[in-house]
Amino acid sequence: MSWPATVFLGILIVNIFFGLIIIFREQKSAQATWAWLMVLFFVPVIGLIIYFVFGRELRNSSWNEDSLFKTNALLLHQREEIQEETLYRNSPSMDGLESLIYMHIHHSHAPLTYAQSVDLLTDGDQKFESLFNDIREATDYVHVQYFSINTDELGSAFIQLLTEKAKEGVQVMLLYDGLGSWKVTNRFLKDYLNAGGKSRVFFPPRSMFTYGSLNHRNHRKLAIIDGSIAYIGGFNIGDKYNTDESGLGFWRDSHLRLTGSAVHHLHDQFISDWNKGQKEPAPEFENYEVPVSSSLKGGVPMQIVASGPGFETDQVKNGFIQMIQRAKRYIYIQTPYFIPDFGLLDNLRVAIMSGIDVRIMIPNKPDHPFIYWATYFYIGELLRLGATIYIYDKGFLHSKTMVVDDRISTLGTTNMDVRSVSLNFEVNTFMYDEEMAEKMRKTFQNDLVDCHELTLEEYEQRSKWIRVKENVARLISPLL
Numbered sequence: 265m266s267w268p269a270t271v272f273l274g275i276l277i278v279n280i281f282f283g284l285i286i287i288f289r290e291q292k293s294a295q296a297t298w299a300w301l302m303v304l305f306f307v308p309v310i311g312l313i314i315y316f317v318f319g320r321e322l323r324n325s326s327w328n329e330d331s332l333f334k335t336n337a338l339l340l341h342q343r344e345e346i347q348e349e350t351l352y353r354n355s356p357s358m359d360g361l362e363s364l365i366y367m368h369i370h371h372s373h374a375p376l377t378y379a380q381s382v383d384l385l386t387d388g389d390q391k392f393e394s395l396f397n398d399i400r401e402a403t404d405y406v407h408v409q410y411f412s413i414n415t416d417e418l419g420s421a422f423i424q425l426l427t428e429k430a431k432e433g434v435q436v437m438l439l440y441d442g443l444g445s446w447k448v449t450n451r452f453l454k455d456y457l458n459a460g461g462k463s464r465v466f467f468p469p470r471s472m473f474t475y476g477s478l479n480h481r482n483h484r485k486l487a488i489i490d491g492s493i494a495y496i497g498g499f500n501i502g503d504k505y506n507t508d509e510s511g512l513g514f515w516r517d518s519h520l521r522l523t524g525s526a527v528h529h530l531h532d533q534f535i536s537d538w539n540k541g542q543k544e545p546a547p548e549f550e551n552y553e554v555p556v557s558s559s560l561k562g563g564v565p566m567q568i569v570a571s572g573p574g575f576e577t578d579q580v581k582n583g584f585i586q587m588i589q590r591a592k593r594y595i596y597i598q599t600p601y602f603i604p605d606f607g608l609l610d611n612l613r614v615a616i617m618s619g620i621d622v623r624i625m626i627p628n629k630p631d632h633p634f635i636y637w638a639t640y641f642y643i644g645e646l647l648r649l650g651a652t653i654y655i656y657d658k659g660f661l662h663s664k665t666m667v668v669d670d671r672i673s674t675l676g677t678t679n680m681d682v683r684s685v686s687l688n689f690e691v692n693t694f695m696y697d698e699e700m701a702e703k704m705r706k707t708f709q710n711d712l713v714d715c716h717e718l719t720l721e722e723y724e725q726r727s728k729w730i731r732v733k734e735n736v737a738r739l740i741s742p743l744l
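This note's numbering numbers the first residue of the sequence shown as 265 and each following residue consecutively.
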């Protein structure tokens, strides 16, 4: 046998081997399985490298989310309340939502809790001024985590502020994603670390040899201050989030500032992430347990729902589906990327065909071209059924929100795409409050002045080249 034939046979055998692994061992969706098989078949050598770096599942049990949470006593207490039918008593805002709340308590490890106050922040100036002021006032601890921290002017100011608090004796802990914050180095953090601040890199690129893939990123953005204030939402840390330096114009995002009992549950999420991949829990949190009193009624009822590779199911996506299924009047969605899986897409289709007013707002400018074209493909499916699609023209829409019937709303880090709901580590608030839902609906409506409606006629006038790009993006969307 000639050497080219030998090489070809070897490649074929290796591809078949990894193809069998994809089919029988890894718990991928049918969409993702077919997409990876196509990659191995059409680009055998390069495809194998791509699969090795990005395609494999996490293979370490220390990433299991459920084993890391500190809410066991509270969950047990609330499960007993459900059986005794006392959990929802005298709570009219939760009438008809019992099964959604039940699902998150039993399967998302998310107790029902309350926020004494909820501030909705929709631009970078608001968010960073509020966050920086709260950090300056901290006296006990500042625990923050971000997907992307840039080493620009704002990023440097953020680290400088954390450094000052560490010098004051405040416990400061910084967690960031190893790929999203790839520019952050020990040199950049030198003064912060010398001042006593602690940092941890979530899943650095070199750890792919330990855990199996670079494809699972920690996309969560949280800040917890003194156990009394917490932040959650879509803003990362960098100049482009409060200036026009991204090249995409005004950065439109959504973030929440919370006070009250709900802060304990966001802190629990931070602790879980800090301990992930570690042989032993951090000594700072060894005896920490979310108190049962953190479910005391008063304020905005909500659940803090995390999702990621450590869960058996896609928890946040399941919450999205429950919200869609409960809609009787309207569903308003803001998302920078719209690449839903079959479950989300089918439920939105049914809602539209049932006469529900479904409105989706997406950006006009791509920050990831393939994702942008895949978004346009799926938007077209819903547009043809009767959904109303708005294109945000002012800048870049990065907000991740959904509000239903002035009753239920969700805001967090999760985009409505396959990567967010199945691959990344994400976290969302699910809020059961009419006033909060109305506020989010009005915010959506206020954004319409910076949008134009995408009509079916305009959509159908796309060029053949754009349609080709959309279809190619659709085929590889499970890999995006």
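All C-beta atoms, glycine included, are put in the ideal place defined by N, C-alpha and C.
In DSSP terms, what Q409 is bridged to: L439 and L486
Nearest residue (CA-CA) to L395, options Y495, H529, R623 and E553: Y495
Counted within 10 angstroms of its Cβ, other Cβ atoms place V668 as buried (16 or more) or exposed: buried
Straight-line Cα distance separating A459 from E717: 52 Å
Burial state of V713, where buried means 16 or more other Cβ atoms lie within 10 Å: exposed
I501: first and last residue of the uninterrupted alpha helix (DSSP H) it sits in: Note, I501: premise wrong, no alpha helix (DSSP H); not H, not E.
Beta-carbon proximity check, M704 vs T665, cutoff 7 Å: yes
For V554, the residue or residues it bridges with in DSSP: Note: V554 sits in no beta bridge, so no partner.
Cβ neighbours of S618 in the same chain (closer than 6 Å, five flanking residues each side left out): none
Option nearest T523 by Cα separation, candidates V408, F534, S492 and K391: S492
Contacts around T577, its chain only, beta-carbon distance under 8 Å, and the 5 residues preceding and following it disregarded: H371
Residue-chain proximity (Y495, chain C), Cβ-Cβ < 7 Å: In the structure shown, chain C does not exist; there is a single protein chain.
Three-way DSSP call (helix, strand, coil) for P627 in this model: strand
Supposed contact pair K581 and G607 - C-beta distance, whole angstroms, cut 8 Å: 7 Å
Beta-carbon proximity check, V614 vs I595, cutoff 7 Å: no
Assigned secondary structure, R738 (DSSP; H/G/I helix, E/B strand, else coil): helix
Spatial neighbours of I501 in its chain, beta-carbon cut-off 6 Å, leaving aside the 5 residues before and after: Y410, I413, G419 and F422
Buried versus exposed call for H519 [16 or more other C-beta atoms within 10 Å across all chains shown]: buried
Cα-Cα separation between N479 and N679, rounded to whole angstroms: 16 Å
Beta-carbon proximity check, W538 vs L439, cutoff 7 Å: yes
Exposed unless 16 or more other CB atoms sit within 10 angstroms - verdict on G433: exposed
DSSP three-state assignment for D681, whether helix, strand or coil: strand
Three-state secondary structure assigned by DSSP to H692: Reading off the sequence, residue 692 comes out as Asn, not His. Three-state DSSP puts N692 in a strand.
Delimiting residues of the alpha helix (DSSP H) encompassing K703: E698 to D711
Buried/exposed call for T403, threshold 16 Cβ in 10 Å: exposed
Of the residues S686, A591, L486 and L364, the one placed nearest H528, counting alpha carbons only: L486
Straight-line gap, L676 to T599 (C-alpha atoms, nearest Å): The sequence shown places Gly at residue 676, rather than the Leu named in the question. Approximately 11 Å, taken between the alpha carbons.
Range covered by the alpha helix (DSSP H) that runs through P362: Here the sequence assigns Glu to residue 362, which means Pro is not the residue at that position. E362 to H371 is the span of the alpha helix (DSSP H), which, as asked, contains E362.
Option nearest V408 by Cα separation, candidates H373, N450, T386 and H483: H483
Simplified DSSP state of V448, which is helix, strand or coil: coil
8 Å Cβ shell around L425 - same chain, five flanking residues per side excluded: F396, I399 and R400
Rounded straight-line distance, which links the Cα of L351 to that of T719: 45 Å
Backbone secondary structure at H632 - three-state DSSP: coil
Backbone CA spacing between S727 and H632 [nearest angstrom]: 20 Å
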